[in-house]
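Input: a single structure, listed below in structure tokens.
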Amino acid sequence: DQQVKQNSPSLSVQEGRISILNCDYTNSMFDYFLWYKKYPAEGPTFLISISSIKDKNEDGRFTVFLNKSAKHLSLHIVPSQPGDSAVYFCAARISGAGSYQLTFGKGTKLSVIP
Amino acid sequence: DGGITQSPKYLFRKEGQNVTLSCEQNLNHDAMYWYRQDPGQGLRLIYYSQIVNDFQKGDIAEGYSVSREKKESFPLTVTSAQKNPTAFYLCASSIGDSSYEQYFGPGTRLTVT
Numbered sequence: 872d873q874q875v876k877q878n879s880p881s882l883s884v885q886e887g888r889i890s891i892l893n894c895d896y897t898n899s900m901f902d903y904f905l906w907y908k909k910y911p912a913e914g915p916t917f918l919i920s921i922s923s924i925k926d927k928n929e930d931g932r933f934t935v936f937l938n939k940s941a942k943h944l945s946l947h948i949v950p951s952q953p954g955d956s957a958v959y960f961c962a963a964r965i966s967g968a969g970s971y972q973l974t975f976g977k978g979t980k981l982s983v984i985p
Numbered sequence: 008d009g010g011i012t013q014s015p016k017y018l019f020r021k022e023g024q025n026v027t028l029s030c031e032q033n034l035n036h037d038a039m040y041w042y043r044q045d046p047g048q049g050l051r052l053i054y055y056s057q058i059v060n061d062f063q064k065g066d067i068a069e070g071y072s073v074s075r076e077k078k079e080s081f082p083l084t085v086t087s088a089q090k091n092p093t094a095f096y097l098c099a100s101s102i103g104d105s106s107y108e109q110y111f112g113p114g115t116r117l118t119v120t
């Protein structure tokens, strides 16, 4: 049973426009969420995160929004650039001492068209 | 330059052979992880190690084994018992538990024929 879902396998956006990547989760115990970016044949790199005590976190062109009641989060990229073309993974964790596991979604492939 | 190295980048093996994937980190991180990625799939946790000489099974540990004899190293052995070993394998490390960001290596593409 998939606890973190990214229902859009792919997304195409024009350069300069907004990219919105969505993620839904089913486990209400998740209290911390992360977005990773991955280029082909490379390891993922951390992009941005949000704690469940917040509903928004911003870092430059990247903003993550969390709607706890809907168990939904989204990553906004504004403005989108061709270098943003990659696979984006949403991940979630349950905090607590000794909690080591992240649960990842299947990823969304973003293509930014020049 | 601190980071995580995985070698080799591409690995080919015959079915029935065990194969060991290397993962080394010089970040002085206590925790290390092995993930598997299949096409169209997210990252699935195979094993993780919180500290030297200790490791725990993840969601898909069957057919795999690990060791953690040194803080810097966390090799993964894909045994002949693993039914579908062909995949992209990613190693990661973190300072501590999941409160901390995980840093990933570049991955090893294993093909078993």
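Chains as they are written, first to last, in our numbering: chain A, 872 to 985; chain B, 8 to 120.
Ideal Cβ placement from N, Cα and C applies to all residues, glycine included.
Residue(s) in a DSSP beta bridge with residue i
i	result
Ile948 (chain A)	A:Ser890, A:Phe933
Arg964 (chain A)	A:Tyr903
Val59 (chain B)	For Val59 (chain B), which the question treats as bridged, DSSP gives no partner whatsoever.
His943 (chain A)	A:Asp895, A:Asn938
Ile984 (chain A)	A:Gln885
Glu38 (chain B)	The question names Glu, but residue 38 (chain B) is Ala in the sequence shown. Ala38 (chain B) is bridged to B:Ser101.
Leu117 (chain B)	B:Leu18, B:Ala94
Phe81 (chain B)	Answer by DSSP bridge pairing: none, since Phe81 (chain B) is not bridged.
Glu31 (chain B)	B:Thr12, B:Ser80
Lys64 (chain B)	B:Tyr54
Thr974 (chain A)	A:Ala963
Residue nearest to residue i in terms of C-alpha spacing, selected from the options
i	options	result
Val119 (chain B)	B:Asp104, B:Gln24, B:Leu34	B:Gln24
Ile102 (chain B)	B:Leu50, B:Lys16, B:Lys78, B:Ile67	B:Lys78
Leu34 (chain B)	B:Tyr110, B:Gly49, B:Lys16, B:Arg51	B:Tyr110
Arg964 (chain A)	B:Asp104, B:Cys98, B:Pro82	B:Asp104
Asn928 (chain A)	A:Arg888, A:Met900, A:Phe904	A:Phe904
Buried or exposed (CB count within 10 angstroms, at least 16 for buried), residue i
i	result
Ser951 (chain A)	buried
Val949 (chain A)	exposed
Tyr96 (chain B)	buried
Met39 (chain B)	buried
Gln885 (chain A)	exposed
Lys64 (chain B)	exposed
Arg75 (chain B)	buried
Ile53 (chain B)	buried
Arg43 (chain B)	buried
Ala941 (chain A)	exposed
Ala912 (chain A)	exposed
Whole-number beta carbon distance between residue j and residue i, since they are thought to touch under 8 Å
i	j	result
Tyr971 (chain A)	Leu892 (chain A)	Contact doesn't hold; Cβ gap of about 25 Å is too wide.
Phe933 (chain A)	Leu946 (chain A)	7 Å
Phe917 (chain A)	Glu108 (chain B)	5 Å
In the region 97–111 of chain B, which residues sit with their C-beta less than 9 Å from some C-beta in chain A, listed in chain order? Leu97, Cys98, Ala99, Ser101, Gly103, Asp104, Ser105, Ser106, Glu108, Gln109, Tyr110, Phe111
At a Cβ cut of 9 Å, what residues of the region 948–982 of chain A count as close to chain B, listed as they run along the chain? Phe960, Cys961, Ala962, Arg964, Ile965, Ser966, Gly967, Ala968, Gly969, Ser970, Tyr971, Gln972, Leu973, Thr974, Phe975, Gly976, Lys977, Gly978
Relative to chain B, which residues along the region 898–927 of chain A have a C-beta separation below 9 Å, given in chain order? Tyr903, Leu905, Tyr907, Lys909, Ala912, Glu913, Gly914, Pro915, Thr916, Phe917, Ser920
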